[in-house]
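Everything below concerns the one structure shown next.
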Amino acid sequence: MPTVRFQSGEMVMGRWPGSNLYYEVKVLRFSPKSQLYTVIYKDGTELELKDQDIKSATGFRTRSRSRSRSRSPARRRSRSRSPARITRRSSSRTAAVAAAAAITESTPNSRRDAKLKDVLEVRLKPLVGGPKTLIIFLFVGAYFWLLFLPAWVLFLLLQVTLVDPSLANFPPPLPPLETLFDGQALGIVLLWTLFQALLYILPVGKLSEGMPLRTGERLKYRTNGFFAIVVSAVAVAAAVYQGVDLTYIHSNFLQLAVASFLGSFLLSVYLYVRSRYVPPDQLALGGNSGNVVYDFFKGHELNPRIKNFDLKFFCEMRPGLIGWCVINFAMALAEMQEQHLEAPSHAMILVNLFQLLYVVDGLWNEEAILTTMDLMHDGFGFMLAFGDLVWVPFTYSLQAYYLVTHPNPLGLPALIAIVAIKLLGFYIFRMSNSQKNAFRRNPSDPKLAHLKTIPTATGKSLLVSGWWGVVRHPNYLGDLIMALAWSLPCGFSHLLPWYYMIYFIILLVHRNSRDMSECRRKYGSAWDEYCQTVRYRIIPGIY
């Protein structure tokens with residue numbers, strides 16, 4: 001049996017694939033089956049390297065010193081090539097790597113420059129900063145969003161309660177401050193959260209493994225979200241049968257939102273305080289700037305847990321997402337009461353069914369969220385806590401709230417057309433996401449053998465066929481079509497019910513810009529080749 005030369009956690013020098021560049025890396029694990037070491041670079045990139053591509057850090061530096069002493073200063077200077085000279089002698093992808101390395105922080109030591117000989121040693125550092133103007137912009141942005149997000153949700157909720165919610169009536173009148181907080185509303189929010197937490201910890205459903213962390217560890221998650229929404233639906237139906245007035249949600253919508261905001265803020269404070277006492281390898285790379293406000297907003301700890309209870313995973317999929325469906329159902333009951341109907345309107349039924357399908361699909365395929373950026377890379381702070389517990393349930397339900405007092409009759413042709421649009425968007429969304437998730441988890445799956453890929457220097461490959469060969473983000477395309485179907489039942493009398501559609505377009509543009517920058521940095525020239533192969537970003541032939 002081959003000897004394992006390097007142990008998990010050991011710092012070594014790893015050769016970048018396709019080049020003579022060596023970087024300082026940390027060994028995560030060794031696979032006896034593939035005879036490959038999994039290592040991680042200081043910028044978070046993981047690769048699998050052969051034994052001959054890894055050198056001992058001590059031996060590497062000792063050999064460098066001995067070789068440099070054997071050459072004259074002039075000889076050493078002649079062997080120390082500029083980055084441009086190096087890139088001319090390397091492949092295009094190696095050139096991209098060298099260029100990326102050139103912008104990282106280097107050690108200001110002339111003796112180290114003299115050690116560039118047969119192999120170039122480059123030290124990678126996490127990209128947690130940049131030019132001073134960029135750092136200032138990020139920190140100011142954190143302050144801005146901390147204030148803007150709650151204010152924006154308050155504006156939306158006040159605007160939708162108006163008889164005429166058009167922009168001509170902006171700004172909406174502010175209610176007395178004492179009416180914003182309601183103890184009963186806070187109690188309902190807390191009870192709902194505790195109820196969902198109880199369902200989460202029950203030993204029901206699959207115990208799924210997350211993606212490997214920087215330490216090589218895989219966390220386990222109880223993926224029983226579908227069970228949770230079924231039990232929640234039964235509980236809500238039983239409450240209504242027992243005479244509980246669910247229209248309280250409609251009449252106290254603003255108070256419930258304020259209570260949820262208080263909960264998300266207090267949770268964020270707890271998350272930041274506890275993150276100050278966890279080991280460095282448990283911190284998120286993006287929320288580790290050293291600025292208190294920025295790290296509080298972005299999320300300092302990657303996967304905060306209370307024993308096996310994963311706070312980020314729980315908030316991402318449970319209280320807000322299932323609560324969104326309960327709010328929609330309450331709006332349907334409120335519409336029947338307000339409009340004196342024996343059954344909800346067709347428009348209300350469509351909005352409820354479309355958004356319920358979206359949530360149920362997400363919970364049925366709950367394991368897929370373990371491969372998303374939120375779970376893999378983003379820390380858990382105010383940004384995600386507020387988004388999960390306030391933004392999702394109280395802004396995504398605006399269409400249902402709007403229809404309570406602004407009915408919009410739909411004829412049969414309109415019903416058929418809207419349903420067809422929804423089904424098309426859902427099909428694209430689900431199929432593309434399933435294909436991506438399967439490829440991320442097991443690129444060697446025989447079921448995916450027909451898919452074409454572009455290899456990258458990181459050891460991973462980029463899909464250029466199937467759904468991901470049509471546009472770069474087919475899942476976003478499906479999302480966009482579904483957002484259209486959610487808004488159409490509300491008609492065109494006001495802009496407010498189209499808020500989600502507008503917001504989603506802005507979000508897609510932002511995500512696309514973020515993904516382009518991140519992927520170009522990560523994959524180098526392979527990403528440029530991918531962009532030339534898959535030309536359109538979201539909408540085929542248009543964008």
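According to the UniProt record's numbering, the sequence shown is numbered sequentially starting from 1. Quick reminder that beta carbons are idealized off the backbone N, C-alpha and C, glycines included. What you are looking at is a predicted structure, and each value in this text was computed from that prediction instead of being measured.
- Here the alpha carbon of Phe227 sits roughly 8 Å from the alpha carbon of Val204.
- Each of Met373, Phe380 and Thr533 was checked against the Cα of Ser268, and the nearest Cα belongs to Phe380.
- Here Arg276 is exposed, its C-beta having fewer than 16 other C-beta atoms within 10 Å.
- In this structure Trp391 does not touch Gln355 by the C-beta definition: roughly 15 Å separates them, more than the 8 Å allowed.
- Note: Met13 is bridge-paired with Glu24 and Lys55 in the DSSP secondary-structure output.
- At the C-beta level, Phe297 and Trp145 come within 8 Å of one another.
- Taking the C-beta atoms as reference points, Pro319 is found nearer than 8 Å to Thr193.
- Out of Pro150, Asp245 and Ile428, the CA that lies nearest to the CA of Ser260 is found in Pro150.
- Within the segment 180-251, the complete beta strand (DSSP E) runs of at least 3 residues fall at 206-209 and 220-223.
- Contact between Tyr500 and Trp486 holds, with the beta-carbon distance rounding to 6 Å and staying under 8 Å.
- A residue is called buried when at least 16 other Cβ atoms come within 10 angstroms of its Cβ; Tyr241 does not meet this threshold and is exposed.
- Per DSSP, the beta bridge partners of Pro455 are Ser461.
- The beta-carbon separation of Arg15 and Gly216, rounded to 20 Å, does not stay under the 8 Å limit for a contact.
- Apart from the 5 residues on each side of it in sequence, Glu316 sits with its Cβ closer than 8 Å to the Cβ of Ile369, Asp374, Leu375, Leu384 and Asp388 in its chain, given in chain order.
- Residue pairing by DSSP places Asp310 opposite Arg305 in a beta bridge.
- The beta carbon of Val351 is closer than 6 Å to those of Gln399, Ala400 and Pro489 in its chain, skipping five residues each way along the sequence.
- With a cutoff of 8 Å on beta-carbon distance, Thr405 and Glu338 are scored as near each other.
- Residue burial is scored here from C-beta neighbours: Phe6 has at least 16 other C-beta atoms within 10 angstroms and is therefore classed as buried.
- The three-state reading of DSSP puts Arg535 in coil, since its state is none of H, G, I, E or B.
- Closest in alpha carbon position to Leu496, among Ala168, Val360, Asp245 and Lys436, is Ala168.
- A check of alpha carbon separations from Phe195 across Ala235, Leu174 and Gly183 identifies Ala235 as the nearest.
- In this structure, the straight-line span from the alpha carbon of Leu219 to that of Pro304 is close to 11 Å.
- When the beta-carbon positions are compared, Ile481 and Pro393 stay at least 8 Å from each other.
- By the Cβ criterion, the segment 528-536 is in contact with the segment 459-475, since at least three pairs of Cβ atoms, one from each stretch, lie closer than 8 Å.
- Taking the Cβ atoms as the reference, Pro540 lies roughly 6 Å from Val470, within the contact range of under 8 Å.
- Distances from the alpha-carbon of Pro455 to those of Tyr427, Tyr396 and Gly524 put Gly524 closest.
- Between Val230 and Phe181 a beta carbon distance of about 33 Å is seen, past the 8 Å cut, so the two are scored as non-contacting.
- Runs of the alpha helix (DSSP H) lying entirely within the segment 461-493 and spanning at least 4 residues, in chain order: 474-487.
- Annotated as distal: Val273 and Glu301, with beta-carbon spacing of 8 Å or more.
- In this structure Gly425 does not touch Gly491 by the C-beta definition: roughly 19 Å separates them, more than the 8 Å allowed.
- Secondary structure remark: continuous alpha helix (DSSP H) runs of at least 4 residues inside the segment 316-374, in chain order: 319-339 and 346-364.
- Inclusion of Pro165 and His377 in the CB contact set at 8 Å is not warranted, their separation being larger than that value.
- Here Leu207 is exposed. Its C-beta has fewer than 16 other C-beta atoms within 10 Å.
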